[in-house]
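Residue numbers (the working numbering): 742 to 846.
Shown next, in the form of structure tokens:
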């Protein structure tokens with residue numbers, strides 16, 4: 742297996758951990774709230790790997806759910822970056838995590 746393939750496989754495995762970490766930080770109610778907001782177009786996945794509001798919302802429960810999820814993702818990305826050991830690898834891991842989150846979506 743080439744170094745590049747090994748790196749991609751390793752990054753994908755680590756990214757799964759990132760996605761799982763973010764999912765574990767949410768309560769089932771928060772996940773349901775975010776899923777409903779995504780379906781309505783209120784919340785969406787941003788290119789930076791975080792959730793963002795497409796339109797302003799005054800729903801305190803939704804705002805809290807997005808904040809909790811983004812905080813968990815931030816921590817997971819930091820752990821992945823530290824494990825990867827450099828910025829380029831961390832960026833690649835984040836992009837893979839973004840894609841996985843979108844697919845799981």
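Think of the CB as a built atom: it goes at the ideal place given N, C-alpha and C, for glycine as much as any other residue. Treat the numbers as computed from the prediction; the structure is a model and nothing was measured.
(message) Can you tell me whether residue 796 is buried or exposed? The criterion is at least 16 other CB atoms within 10 Å of its CB, across all chains shown.
(response) Sequence index remark: in the chain shown, residue 796 carries index 55 (1-based). So residue 796 counts as exposed.
(request) Only counting runs of 3 or more residues, tell me where the beta strand (DSSP E) segments fall wholly within the stretch 759 to 806, in order along the chain. (result) 784 to 786 and 792 to 794
(request) Can you have a look at residue 857 and say buried or exposed, based on whether 16 or more other CB atoms are within 10 angstroms of its CB? (result) Outside the modelled stretch of the chain, which goes from 742 to 846, sits residue 857, for which no answer is possible.
(request) Examine the Cβ distances between the stretch 799 to 806 and the stretch 774 to 785 and report whether three or more of them are shorter than 8 Å. (result) The stretch 799 to 806, when compared against the stretch 774 to 785, does touch it at the 8 Å Cβ threshold.
(message) So, at 8 Å on beta carbons, what are the nonlocal neighbours of residue 811 in its own chain, with the 5 sequence-adjacent residues on each side left out?
(response) Position 70 of the chain shown, counting from 1, holds the residue named residue 811. Closer than 8 Å at the Cβ level, and outside the excluded window around residue 811, lie 791 and 792.
(request) Could you tell me if residue 821 is buried or exposed, where buried requires 16 or more neighbouring beta carbons within 10 angstroms of its beta carbon? (result) What you label residue 821 is simply residue 80 of the chain shown in a count that begins at 1. Here residue 821 is buried: its Cβ has 16 or more other Cβ atoms, across all protein chains shown, within 10 Å.
(message) Here's the rule I'm using: 16 or more other beta-carbon atoms within 10 Å means buried, otherwise exposed. How should residue 815 be labelled?
(response) Within the chain shown, numbered from 1, the residue matching residue 815 stands at position 74. The residue is exposed, with fewer than 16 neighbouring Cβ atoms inside 10 Å.
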